[in-house]
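Notes follow the structure.
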Amino acid sequence: GAVVSQHPSWVICKSGTSVKIECRSLDFQATTMFWYRQFPKQSLMLMATSNEGSKATYEQGVEKDKFLINHASLTLSTLTVTSAHPEDSSFYICSARVTSGDTQYFGPGTRLTVL
Amino acid sequence: KNEVEQSPQNLTAQEGEFITINCSYSVGISALHWLQQHPGGGIVSLFMLSSGKKKHGRLIATINIQEKHSSLHITASHPRDSAVYICAAVSGTYKYIFGTGTRLKVLA
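Listed in order, the protein sequences are those of chains A and B.
Quick note on numbering: this note's numbering labels position 68 of the first sequence as 68, and the sequence is numbered without any gaps.
Plus 1000 on top of the position in the second sequence (first one is 1) and you've got this note's numbering.
Structure, rendered in structure tokens:
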């Protein structure tokens, strides 16, 4: 149980385009989902906390207009990187928190490369 | 100083060795989560601890709340254990505070 999927697993796009990444909890309901980015050999950096039915809470320094988050249901959150630039190239990971607990279950990640 | 410190940062072991990874934290937590990140990037949950000790297969995790310290042990290590091991302190708001990770390489 407690499986989280992400789609796509990798994406290559041209500078200026927008990319949408989906995060789904497959076998449980997740009131809260988290979005992280990770640079090579570095730890995960929290970008935003997404609660179902409400606006996401962004960490300091993360542009909310750049990284659009939508958490429309208890099993799906999406991150859209708008007008992507090469510096947005990174590994993006989502996690989902079981409604009744404090454990986060992580998705497999999405590797974004912006040319 | 990071709120969650791990040691060692890098560890190379021979197959069969007993391995210990340490995690110390300076913040109040509701629990501590040990994670394993494979070279491809996927993160696997190992243990969620709020007290005492947990064991699963060759892995053992302990936590001492008074000393704000947790350890992850791997018995009879194997090359497939090679990965980055991360401890994450769970705050009262459910956010994770991550350690810097321990990069483990087990040689055959």
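Glycine included, every Cβ here is placed at the ideal spot set by N, Cα and C.
Here DSSP, grouped into helix, strand and coil, assigns Arg-1080 of chain B to helix.
With a cutoff of 8 Å on beta-carbon distance, Leu-26 of chain A and Ser-5 of chain A are scored as near each other.
Neighbours of Phe-1098 of chain B in chain A, taken as residues whose beta carbon is under 7 Å from its own, are Ser-43 and Leu-44 in chain order. What His-1033 of chain B touches in chain A, judged by beta-carbon distance under 9 Å, is Asp-102, Thr-103 and Gln-104, going in chain order.
Apart from sequence neighbours up to five positions away, the residues of its chain that approach Ile-1021 of chain B with a beta-carbon distance below 6 Å are Leu-1072, Tyr-1085 and Thr-1102, ordered along the chain. DSSP places His-1073 of chain B in the uninterrupted beta strand (DSSP E) bounded by 1069-1074. Chain B places no beta carbon closer than 8 Å to that of Phe-67 of chain A, leaving this residue out of the contacts. Of all C-beta pairs linking the stretch 93-111 of chain A to the stretch 1037-1054 of chain B, three or more are shorter than 8 Å, placing the two stretches in contact. Rounded to whole angstroms, the separation of the alpha carbons of Val-62 of chain A and Ser-1050 of chain B is 31 Å. For Thr-103 of chain A, no beta strand (DSSP E) run applies, since DSSP gives it neither H nor E. Residue environment: Arg-1080 of chain B is assigned as exposed (fewer than 16 neighbouring CB atoms within 10 Å of its CB, all protein chains considered).
Within 9 Å of the CB of Val-1090 of chain B, the CB atoms of chain A belong to Asp-102, Thr-103 and Gln-104, in sequence order along the chain. Taking Pro-8 of chain A as reference, the option from A:Thr-99, A:Ser-18 and A:Cys-23 with the minimal CA-CA separation is A:Cys-23. As the crow flies, the alpha-carbon of Ile-1060 of chain B is around 30 Å from that of Thr-110 of chain A.
For Arg-97 of chain A, at least one C-beta of chain B is nearer than 8 Å to its own C-beta.
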